[in-house]
Amino acid sequence: MEAMLVAGIDYDIFFYNPNIHPVKEYEIRKNENIRFAEKHGIGFIDADYDVDNWFDRIKGLENAPERGERCTKCFDMRFERTALYAHEHGYDTITSSLGISRWKDMQQINGCGERAAARYDNLSYWTYNWRKHGGSARMIEISKREEFYQQEYCGCVYSLRDTNRHRRSQGRERIALGVKFYGREDIQALAAPKTEQSE
């Protein structure tokens, strides 16, 4: 958001994440966005949680690897909805900070964003390397200041499954939803009640 302001881009948050599973995790992430938007006077658009459409779109790719075709389909779906909303409501630019994560392929994300924006005249996708110029460190700094929820997997049921499988293979506990927050390391050691989740 700081980078967008420096670039002269006025923005609102468009929250469209039908991939996030389970609903508890979706609500936590959405509410963190709402909390931040309200605190800083940023417009917030709450889009549909059309999870059934997401599963239809991803069908057959349940075992694709992270950064593979499943992720491309997921990004395409979310960017297409974002671009449609932008087109219908007079925005001229869309972007995403997904690329700040070292677990993501920035070219994959930008390609999906550019394809979605190209469907409409007068709409562009802003490519920005969020990892440069200390972007990742700044993200951690802001996350600690705001005590943001610390997500431990990308978001979808298959990411949760695969992350938990990897953790078990390393002798680690499964992900506990709603427990970890940046800047609250002192209380993260407290055990949370077990939650229903995939493998």
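Residues in the sequence shown are numbered from 652 upward in steps of one, following my numbering.
Glycine residues also receive a C-beta, built at the ideal position from the N, C-alpha and C atoms.
The straight-line gap separating the alpha-carbon atoms of R718 and V808 is approximately 15 angstroms.
Under the three-state reduction of DSSP output, F665 falls in the strand class. For the segment 779–818, the continuous alpha helix (DSSP H) assignments of 4+ residues that do not extend past its boundaries occur at 786–797, in sequence order. When DSSP assignments are scanned along the segment 674–705, the uninterrupted stretches of alpha helix (DSSP H) that are 4 or more residues long and fall wholly within it turn out to be 674–691. The C-beta of A658 has fewer than 16 other C-beta atoms within 10 Å across all chains shown, which makes the residue exposed.
Minimum Cα-Cα distance from G834 among the listed residues R819, R816 and Y800 corresponds to Y800. When the beta-carbon positions are compared, A688 and I664 come within less than 9 angstroms of each other.
Taking K831 as reference, the option from E676, E739, Y667 and D661 with the minimal CA-CA separation is E676. The DSSP-derived three-state label of Y776 is strand.
Across the structure, I826 and I679 are spaced so that their CA atoms are roughly 14 angstroms apart. Per DSSP, F832 lies in no alpha helix (DSSP H) segment and is marked neither H nor E.
Scanning W705, Q821, E803 and I693 for the CA closest to the CA of Y667 turns up W705. By the Cβ rule, the segment 681–695 does not count as touching the segment 723–735, because fewer than three pairs are nearer than 8 angstroms.
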